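The opening position of the sequence shown corresponds to residue 598 in the numbering used here, with each subsequent residue numbered one higher.
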Amino acid sequence: MDERLIGLWSDRMLYPSDVESAELAFRGDGSGWLYWSSWSTEFTVSRYTWAAFTPGKLALKFHRTLGGTWSIDNGITRHDVESDEKEDSVVEIGYGIAPGEDPFGSPVTLLSLDRPLDDHLAGSRFAWVEKPESLSDPSADAPRPDPSSPR
């Protein structure tokens, strides 16, 4: 396991004016998630397990995808999960971690993937988030639809 990956990585600081953003989280227990959100208030969270099995090679085994809408209430971002689907896919991807700069010239640590994560609406470059609020996915405590109610 490449311990340098552990933490939160975001493309928000690399592309501050984009209408969409993506984050990747890698936890020390081998779990993680990819969070995509849009100014349109849509979001998806794709949960995975991960392993860096050789230097510069990463495997992400996606097992669940949640989607819905987000809103801000009294300064707190809230998520409403409207779909919760099992997923079974594996992405093997090359990566590198190196010093870089954000668009304003500030130093950042960059995670560069050898190709975009298009199937999960994410690109290929992410910056290390120095002090993330949490490594829990944003939908972890979100309300879920009642499975007995018709949709």
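For glycine and all other residues, C-beta sits at the position ideal for the given N, C-alpha and C. This structure is a prediction, so every number in the text was calculated from the model and none was measured.
- Judged by their CB atoms, Thr646 and Gly627 are nearer to each other than the 7 Å cut-off.
- When the beta-carbon positions are compared, Thr666 and Asp677 come within less than 7 Å of each other.
- In the structure shown, Arg624 adopts coil according to DSSP, grouped into three states.
- If the five residues before and after Phe659 are omitted, its C-beta is found closer than 6 Å to the C-beta atoms of Ser643, Tyr645, Glu684, Ser686, all from its own chain and listed in chain order.
- Contact between Leu605 and Ala622 is confirmed by a C-beta separation of about 5 Å, below the 8 Å threshold.
- Residue environment for Gly672: exposed (fewer than 16 other C-beta atoms within 10 angstroms of its C-beta).
- In the three-state reduction of the DSSP assignment, Asp681 falls in the strand class, which pools E and B.
- By the Cβ neighbour-count rule, Gly629 is buried, with 16 or more other Cβ atoms within 10 Å of its own.
- The residues Ala649, in chain order, have a CB closer than 7 Å to that of Asp599 in the same chain once the five nearest residues on each side in sequence are set aside.
- When DSSP states are grouped into helix, strand and coil, Leu663 belongs to the strand group.
- By the neighbour-count criterion, in which a residue is buried when 16 or more other Cβ atoms sit within 10 angstroms of its Cβ, Phe723 is buried.
- For Leu732, the three-state secondary structure derived from DSSP is coil.
- Taken in chain order, the whole alpha helix (DSSP H) runs of length 4 or more contained in the stretch 691 to 715 number zero.
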